[in-house]
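Undergrad:
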Amino acid sequence: MSEILDLPSGYVELPAFFPDGTSGVVRSLDKTDLLGANIQGIVMNTLHLMRKPGVSVIKELGGLHRFASWDRVILTDSGGFQVFSMLRENSKYGTINEKGIIFRPSPGEKIELTPEKCIQVQYLCGSDIFMSLDYCTHPDDPYQTNKESVEITIGWALRCKKEYERLLETYSGDKRPLIFGIIQGGKDRELRKICADSLIEIGFDGYGFGGWPVDKDGNLLIDILEYTASLMPDNLPKYAMGIGKPENIVICADLGYNLFDCVIPTREARHGKLYVFNPETDLKEKKFYSNIFIREERYTRDERPISEDCKCYTCRNFSRGYLHHLFELEDCLAFRLATIHNLYFYSELMRLIKEKRYA
Numbered sequence: 027m028s029e030i031l032d033l034p035s036g037y038v039e040l041p042a043f044f045p046d047g048t049s050g051v052v053r054s055l056d057k058t059d060l061l062g063a064n065i066q067g068i069v070m071n072t073l074h075l076m077r078k079p080g081v082s083v084i085k086e087l088g089g090l091h092r093f094a095s096w097d098r099v100i101l102t103d104s105g106g107f108q109v110f111s112m113l114r115e116n117s118k119y120g121t122i123n124e125k126g127i128i129f130r131p132s133p134g135e136k137i138e139l140t141p142e143k144c145i146q147v148q149y150l151c152g153s154d155i156f157m158s159l160d161y162c163t164h165p166d167d168p169y170q171t172n173k174e175s176v177e178i179t180i181g182w183a184l185r186c187k188k189e190y191e192r193l194l195e196t197y198s199g200d201k202r203p204l205i206f207g208i209i210q211g212g213k214d215r216e217l218r219k220i221c222a223d224s225l226i227e228i229g230f231d232g233y234g235f236g237g238w239p240v241d242k243d244g245n246l247l248i249d250i251l252e253y254t255a256s257l258m259p260d261n262l263p264k265y266a267m268g269i270g271k272p273e274n275i276v277i278c279a280d281l282g283y284n285l286f287d288c289v290i291p292t293r294e295a296r297h298g299k300l301y302v303f304n305p306e307t308d309l310k311e312k313k314f315y316s317n318i319f320i321r322e323e324r325y326t327r328d329e330r331p332i333s334e335d336c337k338c339y340t341c342r343n344f345s346r347g348y349l350h351h352l353f354e355l356e357d358c359l360a361f362r363l364a365t366i367h368n369l370y371f372y373s374e375l376m377r378l379i380k381e382k383r384y385a
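One rule links them: number in this note's numbering = place in the sequence shown (from 1) + 26.
(1) Please report the distance separating the alpha-carbon of THR140 from that of GLU124.
(2) Please report the distance separating the alpha-carbon of TYR43 from that of ASN284.
(3) Closest to ASN304 by C-alpha separation, out of GLU374, LEU247, ASP357 and TRP238, would be which residue?
(4) In the structure shown, what three-state DSSP assignment does LEU124 receive?
(5) Taking the continuous alpha helix (DSSP H) assigned at ALA94, which residues delimit it?
(6) How many Å lie between PRO131 and CYS151 at the Cα?
(7) Do you know whose CA, among ASP59, TRP96 and ILE178, lies nearest LEU359's CA?
(8) What three-state label does DSSP hand GLY106 in the structure shown?
(9) Start and end of the alpha helix (DSSP H) containing VAL176?
(10) Give me, in chain order, the residues of the same chain whose beta-carbon lies closer than 7 Å to that of LEU184; leave out the 5 immediate sequence neighbours on both sides.
(11) Jot down the residue ranges of each uninterrupted beta strand (DSSP E) in the stretch 252-315, minimum 3 residues, whole runs only, in chain order.
(12) Since GLY62 is in the alpha helix (DSSP H), which residue starts that stretch and which ends it?
(13) Please report how far the alpha carbon of LEU159 lies from the alpha carbon of HIS350, in whole angstroms.
(14) Does the Cβ-Cβ distance between THR196 and SER153 come in under 7 Å?
(15) Counting beta carbon pairs with one atom in the stretch 161-169 and one in the stretch 236-253, are three or more of them shorter than 8 Å?
(16) Does VAL81 come out as helix, strand or coil in the three-state DSSP assignment?
(17) Return the CA-CA distance between CYS338 and VAL69, expressed in angstroms with no decimal places.
(18) Looking only at DSSP bridge pairs, what is VAL99 linked to?
(19) Would you check if the stretch 85-100 and the stretch 33-41 touch, i.e. whether three or more CB-CB distances between them fall below 8 Å?
(20) Distance check for ARG327 and CYS221, CA to CA, integer angstroms please.
(21) Relative to the C-alpha of LEU90, which candidate in VAL276, TYR149 and VAL109 has its C-alpha closest?
(22) If you reduce the DSSP assignment to three classes, tell me which class GLY347 lands in.
(23) Starting from the Cα of GLU311, find the closest Cα among VAL276, LEU352, ILE178 and ILE318 and give me that residue.
(24) Measure how close the beta-carbons of GLY282 and LYS299 come, nearest whole angstrom, since I'm counting them as under 8 Å.
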């Protein structure tokens, strides 16, 4: 496939990692920080944006790009995974059927999300990549649950595509936004194939691996990830949704995936867990990186940067000792500097994967 995605807000060079800016912000960072970390795009969440600030506010303030002062690519997730997570915690949070999702995130609050509304919201927000609505499951769910998930996901995908095509009739931009389908089916190969074949027949611009990608012990489901990737067209993007551990990204890149997102680098940065490439980094090695836990006392008087080899803003300007001090104070600058570094690490990981591919 082409290694470049040509989108309304610019180009994305694959492979790419998009940090999660769930509610319209990558926590603690602004546009300048993100660009300095070589971030090409952000993932935002339809469901969260519907709740706060609300679609009408975003539209009135000029769409997501203008609202967030981010002129690069935005991918909007449908919200299916968030609903799955909440319902798995407690069924009182809502219901799912072939019509759509009824979500009750708090007392007195009710959100109805149909495939049509899901696409309408993404269109009004001005997203560059839409995700179709899907019914997410866990790999340990029974066969019947995964079968129902596939049937509903296929029906929703068809309705999403029809609504997308209807809205495009009023689209005036030079480059249309893309729409991706999400392949469900749990660990069952037959269900994965049924879902993939149906979505490919409907026709999408890219395909994502849907569902929880690890087992109950936290192990990556390599076999089903590989099989699902083999079902996706090779000339279109393959999106490993939610996969974010560096070693798992490398594994998935070897399986053919070329788009990634996760909360790991930003969330762990805010907890003082920093990523550093090992000397003479070799992605073929299982442990090609290490972590620095900057809150540890041993960094109090450490004048070195997080990494001598890193060219991020943080490493060019601040010592481990100063960052340790900021975390001791719980100052917001600590979160910003740590997040900048971790995202730069992930951008460098994408570069190394590409170099490895063409080596």
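Note that the Cβ used here is the ideal one computed from N, Cα and C, for glycine as well.
Since the structure is predicted, the reported quantities are computational estimates derived from the model, not experimental observations.
TA: With the structure as the only source:
(1) 9 Å
(2) Sequence inspection shows Phe at residue 43; the Tyr mentioned does not correspond to that position. Using only the alpha carbons, I get a separation of about 8 Å.
(3) GLU374
(4) Looking at the sequence provided, one finds Glu at residue 124 rather than Leu. Three-state DSSP puts GLU124 in coil, outside helix and strand.
(5) Going by DSSP, ALA94 is part of the alpha helix (DSSP H) stretching over 90-94.
(6) 22 Å
(7) For the set ASP59, TRP96 and ILE178, the Cα lying nearest the Cα of LEU359 is the one of ASP59.
(8) In this structure, GLY106 counts as helix in the three-state DSSP scheme.
(9) 169-194
(10) ILE228
(11) Inside the stretch 252-315, DSSP marks whole beta strand (DSSP E) runs of 3 or more residues at positions 264-266, 285-288 and 299-303, from first to last along the chain.
(12) 57-62 is the extent of the alpha helix (DSSP H) around GLY62.
(13) 42 Å
(14) Taking 7 Å as the Cβ cut-off, THR196 and SER153 do not qualify as a contacting pair.
(15) They touch, by the three-pair rule.
(16) helix
(17) 22 Å
(18) GLY67
(19) yes
(20) Straight-line Cα distance between these residues: approximately 56 Å.
(21) TYR149
(22) helix
(23) VAL276
(24) In fact, because the Cβ distance is near 29 Å, the residues do not count as touching under 8 Å.
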